[in-house]
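Chemist: Pasting a structure below so you can have a look.
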Amino acid sequence: MSARIGVAVGLLLAAVALSQRLTDIPLQQQAEIRAVIEAQLAAFQQDDAVRAFSFAAPGIRQTFQTPERFLQMVQQGYLPLYRPTRVEFAAIGLYQGIPTQVLIVTDGEGVRYRAYYLMERQPDRSWKIAGVYLEPLPDEAPPKSA
């Protein structure tokens, strides 16, 4: 019984923490972040490497050097983001001080993933994508071989 109470209290505290994180980023900035991500996803759909690359933060741009290399990396390592069949914007907040937008994306085979977009504010006050971490949702992960 005490274990159930402990779990319930833990879930309640997590919900409170999440709701507080959602207010860490002002609504106007949340809208700006969403617009950047939507624009990059639209560029992927159109195979517009130059436009997609323009939304990457300087560190990403330096790593990949060219729009073509960047797009190739996305095609090879982030296919669910390159050609999603569905995109849902979930929580947004600060994760270890970094503005982070969470998306739930569905790939062409119907597998759902959670994508964490790490955002970076630029000196001109615009937002750029500084990195993305992608993971299959636990109930969507492919079965492991025995």
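Sequence positions in the sequence shown follow mature numbering (1 follows the signal peptide of the UniProt record, and there is no 0) and run -19 to -1, 1 to 127. Glycine is no exception: its CB is placed at the ideal position from the N, C-alpha and C atoms. All values derive from a computational prediction rather than experimental measurement.
#1: Give the secondary structure of ILE6 by DSSP, where H, G and I count as helix, E and B as strand, and everything else as coil.
#2: Starting from PHE34 and walking both ways along the alpha helix (DSSP H), at which residues does that stretch end?
#3: With DSSP collapsed to three states, give me the class of LYS109.
#4: Given that a residue counts as buried once 16 or more other Cβ atoms are within 10 Å of its Cβ, and exposed if not, what is THR44?
#5: In terms of residues, what are the limits of the beta strand (DSSP E) holding PRO39?
#6: Grouping DSSP H, G and I as helix and E and B as strand, with all else coil, what is VAL92?
#7: Considering only C-alpha positions, which residue in the set VAL83, ASP88 and VAL92 is nearest to GLN11?
#8: Give every residue of the same chain whose Cβ lies closer than 7 Å to the Cβ of SER107, excluding the five residues on either side of it in the sequence, and list them in chain order.
#9: Go ahead and pull the three-state DSSP assignment for ARG(-16).
#10: Can you give me the C-alpha to C-alpha distance between LEU52 and GLY91, rounded to a whole angstrom?
#11: Taking the beta carbon of GLN77 as the centre, do at least 16 other beta carbons fall within 10 Å, making it buried, or is it exposed?
#12: Alpha carbon to alpha carbon, how far is ASP5 from LEU75? Give it in angstroms, no decimals.
#13: Figure out for me which residue from ASP120, LEU118, PRO117 and GLU101 has the closest Cα to the Cα of ARG15.
#14: For residue 132, which option in PHE25, THR87 and TYR97 has the closest C-alpha, if you only look at C-alpha atoms?
Modeler: Answer, in terms of the structure:
#1: coil
#2: Bounds of the alpha helix (DSSP H) holding PHE34 are 30 to 35.
#3: strand
#4: The Cβ neighbour count for THR44, taken over all protein chains shown within 10 Å, is under 16; the residue is labelled exposed.
#5: Element bounds for PRO39: not the beta strand (DSSP E) but the alpha helix (DSSP H), 39 to 45.
#6: coil
#7: VAL83
#8: Closer than 7 Å at Cβ, skipping near neighbours: no residue.
#9: Residue placement at ARG(-16) is flagged as unreliable, the pLDDT there being 45, under the threshold of 50; the coordinate-derived value follows with that caveat. Residue state, collapsed to three classes: helix.
#10: 22 Å
#11: exposed
#12: C-alpha of LEU75 to C-alpha of ASP5: approximately 6 Å in a straight line.
#13: Here the closest residue by C-alpha is GLU101.
#14: The structure shown does not extend to residue 132, since the chain is modelled only from -19 to 127, so the question has no answer here.
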